[in-house]
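As structure tokens, the structure follows; a few thoughts come after it.
Number of protein chains: 2
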Amino acid sequence: MSDDAEPRHGHTVARALAVLDLFDGDHAIWSAEDICAALRCPLPTGYRYLRELVSAGLVRRVSGGFALGARIILLDYVMRQGDQLLKAAIPVLRALARQTGCDCVLSTVYGDQIVDVHREAGAAPLNLAYGRGRPRPLFRGAAPKMILAAQPLGWVHKLYDAHAGEAEAAQMGADWRSFRATLAALRKRGCYVSRGEVEADISAVAVAIAPAGHDAASAIALVTNTERFEILNEALMIALLQQAAQQIELLQCDPDQRALARPAR
Amino acid sequence: MSDDAEPRHGHTVARALAVLDLFDGDHAIWSAEDICAALRCPLPTGYRYLRELVSAGLVRRVSGGFALGARIILLDYVMRQGDQLLKAAIPVLRALARQTGCDCVLSTVYGDQIVDVHREAGAAPLNLAYGRGRPRPLFRGAAPKMILAAQPLGWVHKLYDAHAGEAEAAQMGADWRSFRATLAALRKRGCYVSRGEVEADISAVAVAIAPAGHDAASAIALVTNTERFEILNEALMIALLQQAAQQIELLQCDPDQRALARPAR
DNA sequence: GTAAAATTATCGTATAATGATAAAAGAAAG
DNA sequence: CTTTCTTTTATCATTATACGATAATTTTAC
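Those protein sequence lines, which keep their order, are chains B and D.
When you line the first sequence up against the working numbering, it's residues 1 to 265, in that order.
When you line the second sequence up against the working numbering, it's residues 266 to 530, in that order.
And the structure:
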């Protein structure tokens, strides 16, 4: 019942990496003492973990304790360098943000999570708390909905089984049958508009990006505060997004980016 | 002589984390087989490492092998959230980028590395390869020079001993005495202009940001291609940068950001 | 300079990692 | 749907390594 099961392998590495779990926006710095208390391990052991993490660069010494290290920033850089989708999407997102004045976001699937991978600020940039790496609820908001609708059914089924409660709370269906029907409707419609669904006073519209090859689906969204959103021409925004999605899909397969010259229509 | 020494501790975690070393811009995806070959370990052991890294989210399964995982993006997000300097600097950098049309970069010290932590694109955004997480040579370019000049002497001395060759190659001094004199001159002058020092056709000017409390020094730089750089008023850019640096230093200690209303002068 | 705190070394013991082998689970082809 | 190949995990005896109480050491603060 509890998760205190005893795995036969992976004790040491998992325990050492558990240090990373401690850091969040509020607790950016931890003393060795507090880390060991949180991990329920004696000081020498905690220091050993820290030494290894520091030597890998994932954690660094700062005055007052330990914080996340440069390696994370560097690895994120490596990920961005190798990300074809991101490369293809950025100029398109930038153009959209300029044209609409909205923030323009690219979200995608990593394993069993949905994460924002890029944000281009619009005319009135929203809070800094939105940006690359922002974790997203799986069933709330425009982008996750379109992503789920575009993902393979098998993948979605697994996810649903693991989070049926959240899915129902988000009014996406009380059982798998109706959940699947909701997704089918979303897929048919091709876009979704959310008003205040994730945060009050924030509205967004999203469309899916078809994955290249066997990769996961993604979505792009235009986001702005609801007041401003109401003024905008919804149908036009959707059309722009769908055009942009097609463009990105093309660019993904065309690394020379010649498609930019002749935008898809 | 070789680095095949045998540490008494840290075998397992370090070996598992060595998987992360494999990924770079060119090799974003690795098969399990190739990973084990690179790590010189049998398949079951490699798979064990991978299982633990995947379960920590640092690595993920993709079609064709393994890639870096969402956790890295999430951790980078956490770092940005907790980074006071970044919060203070972004609006200032944005204003500078708009005003000058140059890319505007914030670089700082992490452990014994210098890393770009943020870049605001100017009128003609440079390559995507420049951006957060880009590792930098320690002794070349404007930002690193100003950072070194602003760091505590003890720290710099250690760094110099470890990289004396590079320092000399960058013409910053053939021994510690002259190196220190170079830094003192930089500190006195308060800024540095580099033309094609890191990459041909790219020029930059940087000033240091004094650290808040016991933290490390940072620098902000205006970057653009050399051709464009020559047209610009160098003295004015330096003045703007110094003003911006002061503003950031103030904002760091004044989380309410009231200082923005009354810019330092 | 001294005192306090933080970090690392020591070392016997228990335990978890290792890796050769084999079994199982998935994916691809027919 | 079955077969075949590949990928991944289980098994388990061995042994190296992580553990942790204690103490020595280094670093920091004053």
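Backbone N, C-alpha and C define an ideal beta-carbon position, used for all residues, glycine too.
- I355 of chain D has a beta carbon lying within less than 8 Å of a beta carbon in chain B.
- For P44 of chain B, the number of other beta carbons within 10 angstroms of its own is below 16, and it is reported as exposed.
- For A471 of chain D, not one C-beta of chain B is nearer than 8 Å to its own C-beta.
- Non-local C-beta neighbours of A206 of chain B in its own chain, meaning closer than 6 Å and more than five positions away in sequence, comprise A142, A143, M146, Y192, A219, A221, ordered along the chain.
- Around the beta carbon of I496 of chain D, a 10 Å sphere encloses fewer than 16 other beta carbons of the protein chains shown; the residue is thus reported as exposed.
- Residues of chain D whose Cβ lies closer than 7 Å to the Cβ of Q113 of chain B are, in chain order, A335.
- Closer than 8 Å to the CB of L516 of chain D there is not a single CB belonging to chain B.
- Excluding five sequence positions before and after L86 of chain B, the CB atoms of its chain that fall closer than 8 Å to its own CB belong to R80, L106, V117, H118, given in chain order.
- Residues of the region 309–328 of chain D whose Cβ lies closer than 9 Å to any Cβ of chain B, in chain order: R313, Y314, R316, E317, L318, V319, S320, A321, G322, L323, R325, R326, V327, S328.
- Residues L487 of the same chain have their beta carbon placed closer than 6 Å to that of T365 of chain D, with the five preceding and five following residues left out of the count.
- Under the criterion of beta carbons closer than 8 Å, A14 of chain B and S468 of chain D do not qualify as touching, at roughly 48 Å.
- For C369 of chain D, the three-state secondary structure derived from DSSP is strand.
- Listed along the chain, the chain B residues whose CB falls inside 9 Å of the CB of K352 of chain D are L128.
- At a cut-off of 8 Å between beta-carbon atoms, H383 of chain D makes no contact with chain B.
- Measuring C-alpha to C-alpha distances from N392 of chain D to each of D:Q512, D:D466, D:S443, D:L501 identifies D:D466 as the nearest.
- Boundaries cannot be given for D440 of chain D, as no beta strand (DSSP E) includes it and DSSP labels it neither H nor E.
- Judged by beta-carbon spacing, L413 of chain D lies within the 8 Å limit of L448 of chain D, meaning their Cβ atoms are closer than that value.
- Taking a cut-off of 8 Å on C-beta distances, the region 385–403 of chain D touches the region 70–84 of chain B, as three or more cross pairs fall below it.
- For I338 of chain D, the nearest beta carbon of chain B is closer than 8 Å to its own beta carbon.
- Collapsing the DSSP output to three states places H422 of chain D in a helix.
- For S55 of chain B, the uninterrupted alpha helix (DSSP H) segment begins and ends at 43–56.
- In this structure, B:P137 is the residue among B:E52, B:I73, B:G111, B:P137 with its C-alpha nearest to the C-alpha of A170 of chain B.
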